[in-house]
């Protein structure tokens, strides 16, 4: 038996601009970040999410496009792409600043340097 897909779409049969997406194993972490990115999108008419019950590991994400040519599914893809771009930018800036911070730290020799914690490695 195959596991259920991580996301399913419940389309509005009357209008492709409206849909609810059900994400499994997701919560407020993804919901709030994705909602933020889509609320800023100029073609988003409505965007919201809910966690139906705390004991269920799923999130309902409701989306409506204001553009008749842009489906809710395509709008969701644009929002996910924007979120990925933002996260890549945050990661690269953090990595740069971490390297700069570590380079500015004085190097120590002797027993005192062995008691310090090791630098953070990025995988």
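Residue numbers (my numbering): 73 to 195.
The beta-carbon is built from N, C-alpha and C at its ideal position, and this holds for glycine as well.
Residue nearest to residue i in terms of C-alpha spacing, selected from the options
i, options, result
"residue 82", "75, 74, 91 and 76", "91"
"residue 100", "163, 178, 126 and 148", "126"
Cutoff 6 Å; reference residue i; Cβ partners in own chain excluding five residues on either side
i, result
"residue 78", "96"
Contact set for residue i: own chain, Cβ-Cβ below 8 Å, skip 5 residues either direction
i, result
"residue 87", "none"
"residue 76", "96"
Backbone secondary structure at residue i - three-state DSSP
i, result
"residue 73", "coil"
"residue 29", "Here the chain covers residues 73 to 195 and nothing more, so residue 29 does not appear."
"residue 127", "coil"
"residue 179", "coil"
"residue 154", "helix"
"residue 161", "helix"
"residue 99", "coil"
"residue 132", "strand"
Whether residue i touches residue j by CB criterion (8 Å)
i, j, result
"residue 155", "residue 131", "no"
"residue 118", "residue 93", "no"
"residue 137", "residue 89", "yes"
"residue 129", "residue 135", "no"
Cα-Cα separation, residue i to residue j
i, j, result
"residue 116", "residue 159", "21 Å"
"residue 149", "residue 174", "37 Å"
"residue 177", "residue 167", "16 Å"
"residue 122", "residue 104", "10 Å"
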